[in-house]
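To start, the structure under review is shown below, and the notes come after it.
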Amino acid sequence: TVAVVAKNLGSLVAGAGYAEVIELAWGESTTVKGVRITALPVKHWGTRYIWPDERGYTGFLLEHRDGTVFFPGDTAYFPGFREYGRRWAIDVALLPIGAYSPPSFRRVHMNPEDALRVLVDLDARHMVPIHWGTFVVSYEPVDEPIAWLADLARERGLTDRVAVLRHGESRRFPGTSLRAGT
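The numbering used here applies: residue 406 is where the sequence shown begins, and numbers increase by one.
This is the structure we're talking about:
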């Protein structure tokens, strides 16, 4: 098994049983079992604890003959998402929607409104909301992000592009051979 991580994160997974650990800096790519993985800039920070430790962070674009997936991990909104949408035909975007309260958290996290903006900027065919409903990491109620996202998607006519997966659920995406699940 191969682990692909952001630059300077390899030591966090070393010794976890991976046959190989590949660190990628922004703009670098590698191919693992037919999947091309490219590290892309996002807006977060390189800290894993409460003190700065100069670790890396990145988003990942996964390209396979069956489709293309964008996984930004933790991120705030940033204008670079528009460029990703122009450059790649993204089938599925796994977009974070939680950990936005208090407002200062928005420097490194998105809320549901930001996530829908990213969906449109990327021109992704589908969005799977992530980082919600599992455990409390910020001050918004644990079910608030998904309810807010559903309301916004309805108001903006985007419900057919938002695939909400409950824990343990999986889904195939029309027009691709892609399947998402937990």
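Think of the CB as a built atom: it goes at the ideal place given N, C-alpha and C, for glycine as much as any other residue.
None of these values were measured; they are calculated from a predicted model.
Rounded C-beta distance between residue i and residue j? I'm assuming under 8 Å.
i: Ala498; j: Leu527; result: 5 Å
i: Met532; j: Arg566; result: 6 Å
i: Pro534; j: Ile495; result: Going by Cβ atoms, the distance from Pro534 to Ile495 rounds to 15 Å, so no, they are not a contact pair.
i: Ala424; j: Thr443; result: Not really, about 21 Å apart at Cβ, beyond 8 Å.
i: Ala529; j: Phe475; result: 7 Å
i: Pro507; j: Tyr544; result: 6 Å
i: His536; j: Ala504; result: 6 Å
i: Val426; j: Ala411; result: Actually they are not in contact, since the Cβ atoms of Val426 and Ala411 sit about 11 Å apart, beyond 8 Å.
i: Thr473; j: Trp493; result: 6 Å
Where does residue i fall in DSSP's three states?
i: Ile551; result: helix
i: Leu417; result: helix
i: Phe486; result: helix
i: Arg576; result: strand
Using the DSSP secondary-structure output, state which residues sit across from residue i in a beta bridge.
i: Thr463; result: Partner(s): none; Thr463 has no beta bridge.
i: Lys448; result: Ala481
i: Thr443; result: Ser434 and Leu466
i: Leu429; result: Ala411
i: Ser365; result: Shown here, the chain extends from 406 to 587; a query on residue 365 therefore has no answer.
i: Thr473; result: Glu468
Are any of the Cβ atoms in chain B nearer than 8 Å to that of residue i?
i: Asp479; result: The structure shown contains no chain B; it holds only a single protein chain.
Legend entry - Inter-stretch contact at 8 Å, needing at least 3 Cβ pairs: the stretch 419–437 / the stretch 473–488: Not touching, per the Cβ criterion.
Legend entry - Unbroken stretches of the alpha helix (DSSP H), 4 residues or longer, contained in the stretch 491–569: Counting only runs of at least 4 residues, the stretch 491–569 fully encloses the following alpha helix (DSSP H) elements, listed from N- to C-terminal order: 517–527 and 549–560.
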